[in-house]
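Written out below as structure tokens is the structure these notes cover.
Chains as they are written, first to last, in my numbering: chain A, 11 to 125; chain B, 182 to 296.
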């Protein structure tokens, strides 16, 4: 079964607008971490934001915020005030707390920011 | 720049050959992870080392092996290469295994093309 589901293969957003990228996850662990990464066309993976399962506040990093809804098992990424440089593939990932600390990734969402 | 370095950046080789991919983690990071990104499989975890010891294995083929050396750099060895091994191979590192600070920082990747 898929541990991370990203249902939006591609999205278009107007410059300066906000965009929400959906991510749902599946785990039976109580302790886990959720991550978002950005992959521009150049290929590198850039860490954006982290949310721990016990964190009570939603994580924020600059223009990125994570809308964490534990009961719904969702961890949506919100990018505010989109910029042309935000055009990239975005991956949601999860680390489960069973001693195996690998990241399980979703299929990704391609975001294209229009001027 | 994540601080994780990978060499070479590109590698083109033939079926049946063997290659070695190298990774140097961020200064102070003890944990190294290898991931494979291909069009059909997406991003998949291969193997993890922590302070020189293998910690977890993912979908790593028997033809693939890895190690982490005392200076903490890691090498991924791919042998008897097949066309389907063509992919972007990422190394990531983290200072901790879990909790805040367990963010994995990715290197720029090695793009392997098997002809």
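Think of the CB as a built atom: it goes at the ideal place given N, C-alpha and C, for glycine as much as any other residue.
Check                                                                                                                                       : Outcome
For residue 224 of chain B, the nearest candidate out of A:116, A:123, A:36 (CA to CA)                                                      : A:116
Beta carbon proximity, residue 290 of chain B to chain A, threshold 7 Å                                                                     : yes
Within 7 Å, strictly: CB atoms of residue 86 of chain A and residue 15 of chain A                                                           : no
Burial state of residue 106 of chain A, where buried means 16 or more other Cβ atoms lie within 10 Å                                        : buried
Chain-order list of residues whose beta-carbon lies under 7 Å from that of residue 89 of chain A (same chain, five-residue window excluded) : 28, 29, 73, 74, 96
Under 7 Å (Cβ pairs) to chain B, residues found in the stretch 48 to 65 of chain A                                                          : 53, 54, 55, 57, 60, 62
Rounded separation between residue 102 of chain A and residue 250 of chain B - CA only                                                      : 30 Å
Residue 53 of chain A in three-state terms, based on DSSP                                                                                   : coil
Under the three-state DSSP convention, the category residue 20 of chain A falls into                                                        : strand
Burial state of residue 188 of chain B (16 or more Cβ within 10 Å)                                                                          : exposed
CB contact flag (residue 200 of chain B, residue 192 of chain B, <7 Å)                                                                      : yes
Sub-7 Å separation of residue 83 of chain A and residue 35 of chain A beta-carbons                                                          : yes
Sheet register partners of residue 69 of chain A (DSSP bridge)                                                                              : Answer by DSSP bridge pairing: none, since residue 69 of chain A is not bridged.
Sub-7 Å separation of residue 257 of chain B and residue 215 of chain B beta-carbons                                                        : yes
Residue 234 of chain B at chain A interface by Cβ criterion, 7 Å                                                                            : no
Bridge partners - residue 2 of chain A, DSSP secondary structure assignment                                                                 : Because chain A is modelled from 11 through 125, residue 2 of chain A falls outside the range shown and cannot be assessed.
Whole-angstrom distance between residue 58 of chain A and residue 229 of chain B, CA atom to CA atom                                        : 22 Å
Which listed residue (B:221, B:190, B:184) has its alpha carbon closest to that of residue 293 of chain B                                   : B:190
Cut-off 6 Å between Cβ atoms - residues of its own chain near residue 120 of chain A, not counting five sequence neighbours on either side  : 20, 99
CB contact flag (residue 26 of chain A, residue 237 of chain B, <7 Å)                                                                       : no
Cβ-Cβ distance between residue 270 of chain B and residue 220 of chain B below 7 Å                                                          : no
Terminal residues of the beta strand (DSSP E) in which residue 78 of chain A lies                                                           : 74 to 79
Residue 227 of chain B: first and last residue of the uninterrupted beta strand (DSSP E) it sits in                                         : 223 to 231
CB of residue 290 of chain B within 7 Å of CB of residue 185 of chain B, strictly                                                           : no
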